[in-house]
Amino acid sequence: MLHEFGGQLGYERFLEVWSATSARFDQDSALDDREFSMADVTTAFLRAVLPLEPTPGQVGAFVKTYLAEWSAAVRHPAGIDVLLKGLSSEFRLAVVSNTHSPTMVPEQLAAMGVFDSMDAVVLSVDVSRRKPHADIYQAALHQLAVSAQDVWFIGDSYEADYVGPRRMGMEALLIDPQGKTSVPLHHRLDTVFDLPHRLRLTLPDLPAATLPPRT
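If you want our numbering, it's the position in the sequence shown, counting the first as 1, plus 16.
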């Protein structure tokens, strides 16, 4: 594709320039949690490797190809659809994700067969701030029309999925099977599939039939 656009770099040089460009954007984002889009980083990359200013069509084609190749390698855990559908029968569910693409996460949820089980899908690229910035959690609370104290936040990133939500007043559980963080044991999950069991222990009034069994 790059050769069609007029670029002359080989694969190793492509990886070098792409990695450097992405790292620069990530470093800038780390200062204030401001999110960037795939179009932003792709435009900067193409400017570095093409003889002429990239067109919107070239940027869009590169982004589409890149995301398609990345998504092709994604494998969803067996049983995740059953888990999420079971949880959605008792709870309102939302995905709050750091992503540079407005389409990738919804497409992955659809591929898992659980998009319709979500009451909200909140993406950093849409909010313009990434976790753990308060704005993205606030956007999720607003979309769901709920208070922070009524929310359980589950994820596998210490700052984004545990520290940030708890700072907002939410309950949070961290998926940390190897105990790499200092999270208390009762705030830790070995796997997302342990969540129904943990909820039964924490919320004993839940009807047992509404949650999928522990695997």
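Where is the CB? At the ideal position from N, CA and C, for every residue including glycine.
Item                                                                                                                                                                              : Value
Should Pro-148 and Arg-204 be called a contact, given that it needs their Cβ atoms to be closer than 9 angstroms?                                                                 : no
Enumerate in chain order the residues of its own chain whose CB-to-CB distance from Asp-135 is below 7 angstroms, with the five nearest sequence positions on each side excluded. : Arg-108, Leu-109, Ala-110, Leu-160
Any idea if Val-121 is buried or exposed, counting beta-carbon neighbours within 10 angstroms, 16 or more meaning buried?                                                         : buried
Just grab the DSSP bridge partners of Leu-136 for me.                                                                                                                             : Checking the displayed sequence, the identity of residue 136 turns out to be Ala instead of Leu. Answer by DSSP bridge pairing, in chain order: Ala-110.
Tell me whether Arg-214 sits in a helix, a strand or coil according to DSSP, three-state version.                                                                                 : helix
Straight-line CA distance for Asp-166 to Leu-190?                                                                                                                                 : 17 angstroms
Using the Cα positions of Gln-194 and Ser-173, report the straight-line distance between them to the nearest angstrom.                                                            : 13 angstroms
From Ala-88 to Val-112, what distance separates their C-alpha atoms?                                                                                                              : 22 angstroms
Return yes when the Cβ of Val-79 is within less than 9 angstroms of the Cβ of Ser-117, no when it is not.                                                                         : yes
Ordered along the chain, which non-local residues of its own chain (more than five positions away) have a Cβ less than 7 angstroms from that of Gln-74?                           : Phe-21, Leu-62
Who does Glu-187 pair with in a DSSP beta bridge?                                                                                                                                 : Trp-168
In this structure, does DSSP put Arg-63 in helix, strand or coil?                                                                                                                 : helix
Just mark Tyr-178 as buried or exposed, buried being the case when its beta carbon has 16 or more other beta carbons within 10 Å.                                                 : buried
Using the DSSP secondary-structure output, state which residues sit across from Leu-205 in a beta bridge.                                                                         : Ile-191
Relative to the C-alpha of Val-141, which residue among Val-57, Glu-175, Leu-157, Leu-31 is closest?                                                                              : Val-57
Please list, in chain order, all residues of the same chain as His-67 whose beta carbon is under 7 angstroms from its beta carbon, the five residues on each side excluded.       : One detail in the question is off: residue 67 reads as Pro in this sequence, not His. Counting only Cβ-Cβ distances below 7 angstroms, and skipping sequence neighbours, we find Gly-22.
Please report how far the alpha carbon of Gly-26 lies from the alpha carbon of Lys-196, in whole angstroms.                                                                       : 39 angstroms
Would you kindly report the start and end of the unbroken alpha helix (DSSP H) that includes Val-75?                                                                              : 72-88
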